[in-house]
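Start counting the sequence shown at -7; every next residue gets the next number (our numbering).
Using N, Cα and C, we set each Cβ at its ideal position, and we do this for glycine too.
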Amino acid sequence: MICQGCFRASARPLCKACFADLRPAPDRLLGGRVRAIAAFDHTGVAASLMHGMKYRGLRTILDLAIPLVAARLEPGLTFVSVPRVWSRYLRYGIDPAEETARSLAAATSGRVARLIKRPIHASRRAGAERRPGPGRFHARSGLQGSYVIVDDVLTTGATVIAAMQALLPGRTAMVVTVTSARQVSSLFMRGAGGHNEHSRSDLSGDGG
């Protein structure tokens, strides 16, 4: 077996050294009101594993993240994924946010609601994929209740803010991502004083 972090021989999908590199992410507040949960900081091995999921369909990061995130959620929530644009979805054959939402729903007895329409295409920034900005997402009709928005990575916060706007103010109860960048824009983190409920022991389980 090959470690998905360093691509060396390993008895597990992630070797002990790469496993030790994972950093649990703290809870944050977006706009001072919406709780944002992520399993890992988007750095080092976690960022590499996320890249593997987005562009090669590898689920290692998701398999590690779901138990940690699910433990911080109440059962029976409704998850709404931020859809990957059609051009990327057809090219890579995976929508990481949708896969994350499905896995969270299965782990927490929740459900998935496809309430945000998948955009056709988004412009590309040099060296990085960019999602449509605020106003570019459109929600389907018949919105009721509140939802948990799910994306793969929280970086500047612009993408999830656009999704929140599409679902109308007050509809978003929480934001959940697999990884979260430390440099999330302060514009979306007013009042951030989040905490991290998990110690390194919560990530145990890799024997090689």
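{"query": "Coil, strand or helix - L159 by DSSP", "result": "coil"}
{"query": "Of the listed residues D143, L50, A99, nearest to A63 (C-alpha basis)", "result": "A99"}
{"query": "D55 in three-state terms, based on DSSP", "result": "helix"}
{"query": "Those residues which DSSP pairs with P16 across a bridge", "result": "F32"}
{"query": "Beta-bridge pairing of M45 - partner residues as DSSP gives them", "result": "BP columns for M45 are empty, so no partner."}
{"query": "Distance between R15 and F71 (C-alpha atoms, nearest Å)", "result": "25 Å"}
{"query": "Segment limits, beta strand (DSSP E) that includes T70", "result": "70 to 73"}
{"query": "Strand pairing of A1, partner residues [DSSP]", "result": "I(-6)"}
{"query": "Which residues DSSP lists as bridging Y139, in chain order", "result": "T164"}
{"query": "Extent of the continuous alpha helix (DSSP H) to which E90 belongs", "result": "88 to 100"}
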